[in-house]
Structure formats: structure tokens, C-alpha cells
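Engineer:
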Amino acid sequence: MSVTVFIRYQIDPFKRAQFEDYAKRWLTIIPKCGGDLIGYFMPHEGTNNIASALIGFESLAAYEAYRSRLRQDAEGMANFHFAEEHKFILAEERTFLRKVVL
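Right, dumping it as C-alpha cells:
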């Protein structure tokens, strides 16, 4: 069964540009590590402190393998450190979704 990971970020609204730089880096890192990146989404109108990402995987096992590869990836780890250093992510939630089919 395929799964889609929905990541909800609460971001510092005064550091949106830094979060967008962070998100842009994932656009190449995630596919390289085995995730099917659907996209990162920035606030546009309305709420200015919520961003999200959607990443698809063939299974939960594929997600776990991806997480392992991500932790071994120098660019991925550098991006995690960038976020920690600049503190633009205030909270992060992951939800695992499955597609509704007939």
C-alpha cells in the first residue's frame, strides 16, 4: 500500500524567506534519497505561519529506508542543521495518508 506523508510546518512568519530556501533545497535532496516529492507549499493568503509538504512512498518500509538514506546524505544533514541554526521552524507534524480508492 502506498502512503503519502503530509508534513505541516508552523514557521516564524518573519523568517518565511529562510524557510523557502530550506524547502527549495529539499526539491533535489528528497528525490535523490528515494522520496516521490509532490511539493512544498508556502503561505500565500490568509494564515502566514503554516507551510506544508507532501511526499509519496511505495510503503511505510520505503519511507523508513528513505529516512535512513536521508540521515546519511551530506546535503540533507546540512539542511537539517540550517533549520536548527536559524530556528524558522517552530513546530513540525507528520501525518501518513493513504489514497481513497474504489
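Each residue of the sequence shown is one higher than the one before, starting from 1 at the first, in the UniProt record's numbering.
All C-beta atoms, glycine included, are put in the ideal place defined by N, C-alpha and C.
Nothing here was measured: the structure is a model prediction, and the numbers come from that model.
List the endpoints of the continuous beta strand (DSSP E) containing residue 52.
Structural biologist: One-based indexing of the sequence shown puts residue 52 at position 52. Run containing residue 52: 50 to 57, per the beta strand (DSSP E) assignment.
Engineer: Tell me, to the nearest whole angstrom, how far the beta carbon of residue 8 is from that of residue 75; I am working on the premise that it is less than 8 Å.
Structural biologist: In the sequence shown, residue 8 corresponds to position 8, counting from 1. In the sequence shown, residue 75 corresponds to position 75, counting from 1. Rounded, the Cβ-Cβ distance is 23 Å, inconsistent with contact.
Engineer: Taking residue 41 and residue 3 to be in contact with their CB atoms under 8 Å, please state how far apart those CB atoms are, rounded to whole angstroms.
Structural biologist: What you label residue 41 is simply residue 41 of the sequence shown in a count that begins at 1. What you label residue 3 is simply residue 3 of the sequence shown in a count that begins at 1. The C-beta distance from residue 41 to residue 3 rounds to 19 Å, too long to meet the 8 Å contact threshold.
Engineer: Keeping to the same chain, check which residues put their C-beta closer than 8 Å to that of residue 98; ignore five residues upstream and five downstream.
Structural biologist: What you label residue 98 is simply residue 98 of the sequence shown in a count that begins at 1. Here the set comprises 1, 2, 3, 4.
Engineer: Only counting the same chain, and skipping five residues up and downstream in sequence, which positions put a Cβ closer than 8 Å to that of residue 49?
Structural biologist: The residue given as residue 49 occupies position 49 in the sequence shown. For residue 49, where only same-chain residues beyond five positions count, the Cβ hits under 8 Å are 10, 11, 12, 13, 43, 90.
Engineer: By a C-beta neighbour count over all protein chains shown, 10 Å radius and 16 as the cutoff for buried, is residue 70 buried or exposed?
Structural biologist: Along the sequence shown, one-based indexing puts residue 70 at 70. Buried, since its Cβ has 16 or more Cβ neighbours within 10 Å.
Engineer: Let me check understanding here. Comparing Cα to Cα, which of 34, 101, 17, 20 lies closest to residue 61?
Structural biologist: For the purposes of this step, residue 61 is taken as residue 61 along the sequence shown, with counting starting at 1. With distances taken between Cα atoms, residue 61 lies closest to 34.
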